[in-house]
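Student: Please find one structure pasted underneath; my questions will follow.
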Amino acid sequence: KGVVKDEPETRVAIKTVNESASMRERIEFLNEASVMKEFNCHHVVRLLGVVSQGQPTLVIMELMTRGDLKSYLRSLRSKEQGSSSQSLPPLKKMIQMAGEIADGMAYLNANKFVHRDLAARNCMVAEDFTVKIGDFGMTRDIYETDYYRKGGKGLLPVRWMSPESLKDGVFTTNSDVWSFGVVLWEIATLAEQPYQGMSNEQVLRFVMEGGLLDKPDNCPDMLFELMRMCWQYNPKMRPSFLEIINSIKEELEPPFPEVSFFYSEENKPP
């Protein structure tokens, strides 16, 4: 943790590249960081700099004091773990989170960036509870169990992946939208594991054959309808992130209109 000079005081988080990372992973990581440095969106965690001299490589990020969204959602679970009456955040709050995440993703998409690993564990929660798109491929280590190695390939977040990504390894903004639907499901279950009780192999088969996650207990219909739109089997039938925001914009509270990519000049058609 530290502070950035010459700007209004910004508290930062300092991350290291995993000691065990291969040369290729380090290079990928630095490439990714150089792309991220150019991003400037209220709903994407800011990467402020990279120190690549000396070991290990350091990455300086905007500090998100409330940690990742998955841990944050789990912290909201009622204390007595047996109780099935989870008190979900009010619908307004859940829609606000959805809008903030969709806005960060719309910005990335406008900048030709496909995330490939959108999940609650990769969204971060700020001091004022704003949710932002967080690390890109930098967080693999904390939730190892969310990834699965499929036939010699790298680790894949199969429970968040669209049918076409599982089948053909194709990742597009449409497959990011599918993953966004799973993030909504995580919000509505306070971060349960998707497809609980199925093995990774079973999930692969289930999703490729058109299987979908069930509606969570006590989940408002509006939220579930949004999930179902994101889980259209045909990627072209899924809404874009801008369309998603457009469908919920009446519900989004300030400061969303002032700070979002959606309402910014950048998003005005030329």
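Position 127 (the sequence shown) corresponds to 135 in this note's numbering; numbering is contiguous.
For each residue, glycine too, the CB sits at the ideal point set by N, CA and C.
Quick check: A196 and D154, are their CB atoms within less than 8 Å of each other?
Tutor: The answer is no: Cβ separation not under 8 Å.
Student: Our contact map puts E259 next to K100 with C-beta atoms below 8 Å; I'd like the distance itself, whole angstroms only.
Tutor: Confirmed, Cβ separation roughly 7 Å.
Student: Taking V166 and N208 to be in contact with their CB atoms under 8 Å, please state how far apart those CB atoms are, rounded to whole angstroms.
Tutor: About 5 Å; that satisfies the 8 Å criterion.
Student: Compute the Euclidean distance between the alpha carbons of I22 and E217, then round it to the nearest angstrom.
Tutor: Cα-Cα distance, rounded: 42 Å.
Student: DSSP three-state call for D111: helix, strand or coil?
Tutor: D111: helix per DSSP, three-state reduction.
Student: Let me know if R325 comes out buried or exposed under the rule of 16 or more other beta-carbons within 10 Å of its beta-carbon.
Tutor: The question about residue 325 has no answer here: the residues shown for the chain are numbered 9 through 278.
Student: Determine the extent of the beta strand (DSSP E) in which V139 is found, giving its start and end residues.
Tutor: Segment V139 to I141, the beta strand (DSSP E) holding V139.
Student: Using DSSP with H/G/I as helix, E/B as strand and the rest coil, what is E3?
Tutor: Only positions 9 to 278 of the chain appear in the structure, and residue 3 is not among them; the question remains open.
Student: Closer than 6 Å by C-beta to V190: which residues in its own chain qualify, once you throw out the five before and the five after it? Chain order, please.
Tutor: So the qualifying residues of the chain are W168 and P202.
Student: Quick one: what's got a C-beta closer than 8 Å to G75's C-beta in the same chain, skipping five residues either side?
Tutor: Cβ within range, chain order: M132 and V133.
Student: Sorted by chain position, which residues of the same chain lie with C-beta nearer than 7 Å to V122's C-beta, five sequence neighbours on each side aside?
Tutor: The answer, listed in chain order, is F179, T180, T181 and D184.
Student: Expressed to the nearest angstrom, what Euclidean distance is found between the alpha-carbon atoms of S272 and N117?
Tutor: If I take the Cα positions, the gap works out to 15 Å.
Student: In terms of residues, what are the limits of the alpha helix (DSSP H) holding G189?
Tutor: G189 -> alpha helix (DSSP H) spans T181 to A196.
Student: Check whether the Cβ atoms of L56 and M69 lie closer than 8 Å to each other.
Tutor: Yes.
Student: Going by beta-carbon coordinates alone, are V52 and I141 separated by less than 8 Å?
Tutor: Cβ atoms of V52 and I141: closer than 8 Å.
Student: Using only the alpha-carbon positions, how far apart do S248 and Q240 sit?
Tutor: If I take the Cα positions, the gap works out to 12 Å.
Student: Pick helix, strand or coil for Y156, following the three-state DSSP scheme.
Tutor: Correct three-state label for Y156: strand.
Student: Using DSSP's beta-bridge definition, name the partner residues of G57.
Tutor: BP columns for G57 point to I68.
Student: Could you check the C-alpha separation between L250 and F47 for me, to the nearest Å?
Tutor: Each residue's alpha carbon lies about 18 Å from the other.
Student: Please state whether the Cβ-Cβ distance between D136 and F269 is less than 8 Å.
Tutor: Taking 8 Å as the Cβ cut-off, D136 and F269 do not qualify as a contacting pair.
Student: For the beta strand (DSSP E) that A21 lies in, which residues bound it at each end?
Tutor: Start and end: T18 to T24.
Student: Measure the Cβ-Cβ separation of E172 and T138 and say whether it is below 8 Å.
Tutor: No, the pair does not count as a contact, with Cβ atoms beyond the cut-off.
Student: Helix, strand or coil for C238? Go by DSSP, reduced to three states.
Tutor: Correct three-state label for C238: helix.
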